[in-house]
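Worksheet for the structure shown next.
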Amino acid sequence: MSVTIDSPDQLPAPYRSTGATSRAFRVLRRKPSALLGGGIIVFIAFVALAAPVLAPYPAQGRGLADVPARDLPPSSLHWFGTDHLGRDVLSRVIFGARPALGVSLAVVVLAVLVGVPLGMIAGYRGGWLDEALMRVTDIFLAFPPLLLAMVISALLGASLLHAAIALVISWWPWYARLARTVTQSLKHEPFIDAARVFGVREPLILTRHVLRNATTPILVQATVDAGTVILAVGALAFLGLAAQPPTPDWGLMVADGRTTVITEWWISMFPGLAIFTLVLGFNLLGDVLRDVLDPRSAGR
Amino acid sequence: MSRWVVRRLLTSLLTLFFITTITFALARVVPSNPAVVYIGPLARPAEIARVTKELGLDRPLYVQYVDYMRDLVHGNWGTSLATKQPVLGGIASRLPATLELILVAMAMAVAVGIPLGVLAAHRKGKAADTGARVGAVVGISMPVFWLGLLLQVLASQWLNILPPTSRQSLDVAVLHPVTKITGFLLVDALVTGDWSGLQDAATHILLPAITLAAYPAALVTRMTRAAMLDVLGQDYVRTARTFGLGERLVLWQLALRNAIPSTLTVVGLSLAYLLTGSFFVEIVFDWPGIGQYATNALLNLDYPAIMGITILGATAFLVINFVVDVLQARLDPRVRLQ
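Protein chains in written order, with our numbering: chain L, 1 to 300; chain X, 301 to 638.
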């Protein structure tokens with residue numbers, strides 16, 4: 001869930017200045033929680049890339065069953081135990097890093113690519129275009145979080161791709177709003193006025209001047225949102241509305257062990273722990289980034 | 301104020317109209333055939349043709365749309381394809397269970413979050429503050445469905461009690477059921493003086509409510525802390541302290557009163573989260589509420605039920621936002637509704 005900002009004067013000053021990115025990196029290095037968060041993300045990204053090498057049973061990680069070895073508790077052979085089809089849970093968790101990172105990254109990037117240009121044009125032009133965009137986003141934002149994504153994914157037919165599409169559809173309005181607010185605060189800055197006076201065309205003003213100054217707040221928002229998107233992907237999968245078996249998806253794996261969680265706790269607990277860790281990483285990093293860019297909230 | 305209310309109501313109605321239209325469109329452009337869903341996987345072509353006619357799916361789309369909207373306004377939300385029962389009745393019969401869960405969870409979140417936030421702000425930088433901040437980021441990062449299962453495992457392994465799933469024990473439900481008045485088990489048992497029923501209901505709601513409360517409790521803690529830090533730095537607080545007012549009075553009366561409006565916004569946001577968060581808790585704890593109904597509808601492509609749930613969710617969300625805005629204007633004279 002993001003905070004809605006509706007007018008430029010609600011924006012903290014640094015959102016309008018340049019150089020925030022380099023300042024962010026300087027402060028980040030001194031913040032232990034940011035280091036921890038970044039470390040978690042880098043580690044899980046590494047695990048995702050090296051999955052075939054790291055997983056003790058790569059074929060099982062991809063979905064190959066070994067039924068005689070089913071429901072084994074954690075042991076030296078299977079650190080995280082095995083699931084109902086005898087697959088090594090550790091290998092599944094390692095391979096599960098791929099859809100988790102891949103889908104959430106794709107969702108955030110696509111939502112930014114759809115929302116930001118619309119928001120920038122609306123904020124810069126104003127008038128009926130702006131009004132129309134705001135009313136459209138109002139409708140999208142009138143759904144309780146996740147409900148719209150659940151409905152779209154179910155109606156399209158549950159799959160990882162459709163869940164991603166559903167999440168993009170329910171996420172872009174946030175970026176459109178953010179880009180619009182930033183653009184509105186920038187459009188009367190002297191350097192933009194100057195560019196206009198010198199006859200620079202609108203597309204160039206938007207990309208060269210507005211976008212460049214809007215990048216930092218959008219990047220920060222994207223980092224903060226990444227954790228929420230991972231939770232959303234996991235939640236959809238848990239309901240059976242995203243990835244389908246035998247995809248090694250963390251949310252799906254939690255759902256797989258749900259009914260037997262008291263006796264075979266390892267089937268659900270380890271994949272859930274993986275989701276929690278990755279989300280924690282993004283939240284730790286995002287909180288510090290937000291503080292750096294918004295000194296009013298620093299140290300809170 | 302009254303002009304604002306009227307305008308807000310009108311825009312809310314317009315938004316609802318668009319939402320129903322979008323949901324209708326979504327439900328009709330999808331590849332799945334509702335008639336097949338209605339009959340089941342073994343549908344024969346002749347049967348499909350008959351049911352298509354019966355459900356009115358062979359009529360032009362705009363006729364179906366006008367009919368649907370007219371029925372909606374008249375309180376006829378269609379018939380569920382899966383249960384073959386009216387959607388509105390199905391939702392209404394499950395609503396009390398979900399509302400009870402949400403309200404108890406929200407009460408827990410506020411009861412934990414506000415004191416914790418005040419304490420953290422008061423002891424800024426100290427161990428209590430660090431603890432509260434770590435707790436908050438952990439609470440925000442936990443997948444709700446996983447937390448529910450985790451609590452079940454912990455309760456069964458450590459506390460040596462099996463997690464009570466569902467709303468009440470079987471023997472209570474069958475042998476001496478709580479007299480149904482409101483549908484809220486806790487309230488009904490209390491009003492009728494059914495102490496064993498009350499105890500049974502309370503033990504059953506404990507774990508699901510804690511699960512659901514974790515995320516909003518974290519949000520409330522964060523927001524209360526931030527708002528209190530803002531307030532504690534202001535002149536009037538310093539003045540109160542120099543006049544020798546007790547720290548307890550300064551903190552819990554003078555400062556908290558001005559921190560409450562920000563907290564209220566978060567409570568509103570959290571309620572919206574609880575609407576969908578309860579879906580997962582209901583599945584994990586076998587809680588017979590809206591969430592189970594909704595999940596079944598989604599998985600079975602039961603489109604009348606899906607549309608009903610969507611409209612209900614959107615309406616609840618609009619109402620919550622409306623109430624939060626009004627309350628905020630009440631509590632903070634600087635907020636003006638226009």
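A virtual CB, placed ideally from N, CA and C, is assigned to each residue, including glycine. Computed from a prediction, not measured in an experiment: that's the story for all the values here.
Whole-number beta carbon distance between Val-112/L and Tyr-175/L, since they are thought to touch under 8 Å: 5 Å
Residue-level contact to chain L via CB, Val-453/X, 7 Å cutoff: yes
Proximal residues, the segment 603–619 of chain X versus chain L, C-beta separation under 8 Å: Tyr-603, Ile-606, Ile-609, Thr-610, Gly-613, Ala-614, Ala-616, Phe-617 and Leu-618
Closest Cα partner of Gly-123/L within the set Ala-179/L, Gly-61/L, Val-93/L and Ala-34/L: Ala-179/L
Gly-533/X, enclosing alpha helix (DSSP H) - first and last residue: Gly-533/X -> no alpha helix (DSSP H), and no H or E assigned at all.
Contact residues within the segment 230–257 of chain L, judged by C-beta distance below 7 Å to chain X: Leu-231, Gly-234, Ala-235, Phe-238, Leu-239, Gly-240, Leu-241 and Val-254
Rounded C-alpha distance that separates Thr-215/L from Arg-196/L: 21 Å
Residue of Val-404/X, Val-623/X, Ile-505/X and Val-351/X minimising C-alpha distance to Leu-309/X: Val-623/X
Start-to-end residues for the alpha helix (DSSP H) that takes in Arg-557/X: 556–584
Limits of the alpha helix (DSSP H) - the one that Ser-170/L falls within: 160–186
DSSP-derived helix/strand/coil call for Pro-203/L: helix
Chain X contacts made by the segment 112–143 of chain L, where a contact means CB separation under 7 Å: Asp-138, Ile-139, Ala-142 and Phe-143
Proximity to Gln-184/L [Cα-Cα], best of His-209/L, Leu-167/L, Val-168/L and Ile-169/L: His-209/L
Cβ shell of Val-537/X (< 7 Å), same chain only, five flanking positions each side left out: Val-531, Val-550, Leu-554 and Ala-555
Contact under 7 Å by Cβ, Ser-33/L with Leu-284/L: yes
N- and C-terminal bounds of the alpha helix (DSSP H) containing Asp-429/X: 427–441
Buried versus exposed call for Glu-582/X [16 or more other C-beta atoms within 10 Å across all chains shown]: buried
Neighbour flag for Phe-585/X against chain L, beta carbons, 7 Å: no
Pick from Ala-232/L, Ala-55/L and Trp-172/L that is closest to Trp-79/L, judged by C-alpha positions: Ala-55/L
Three-state class that DSSP yields for Thr-479/X in the structure shown: coil
Cutoff 7 Å: Pro-588/X Cβ touching any chain L Cβ: no
C-beta contact flag for Val-168/L and Val-93/L at 7 Å: no
Leu-147/L: contacting residues in chain X (beta-carbon distance under 7 Å): Thr-576, Thr-610 and Gly-613
Per-residue DSSP class, three states only, for Pro-386/X: strand
Proximity below 7 Å, CB of Pro-417/X to CB of Arg-541/X: Pro is not the amino acid found at residue 417/X; the sequence shown has Gly there. Not a contact, by the Cβ cut-off of 7 Å.
Residues that Ile-560/X contacts on chain L, provided the C-beta gap is smaller than 9 Å: Ordered by position in chain L, no residue passes the 9 Å Cβ test against Ile-560/X, which lies about 17 Å from the chain.
Close beta carbons around Leu-571/X, own chain, < 6 Å, minus the five adjacent residues each side: Ile-620
Paired residues, beta bridge with Thr-379/X - DSSP: Pro-386/X
CB contact flag (Tyr-57/L, Asp-83/L, <7 Å): no
Rounded distance between the beta-carbons of Asn-600/X and Val-337/X, thought under 8 Å: 6 Å
The segment 230–241 of chain L in contact with the segment 392–403 of chain X per 3-pair CB rule at 8 Å: no
Chain X residues whose Cβ lies nearer than 9 Å to that of Phe-276/L: Val-438, Ser-441, Met-442, Pro-443, Trp-446 and Leu-447
Residue range of the alpha helix (DSSP H) that includes Asn-621/X: 603–631
Chain X residues whose Cβ lies nearer than 8 Å to that of Asp-287/L: Val-437
Status (buried if at least 16 other CB within 10 Å, exposed otherwise) for Thr-430/X: exposed
Boundaries (first-last residue) of the alpha helix (DSSP H) holding Phe-270/L: 265–293
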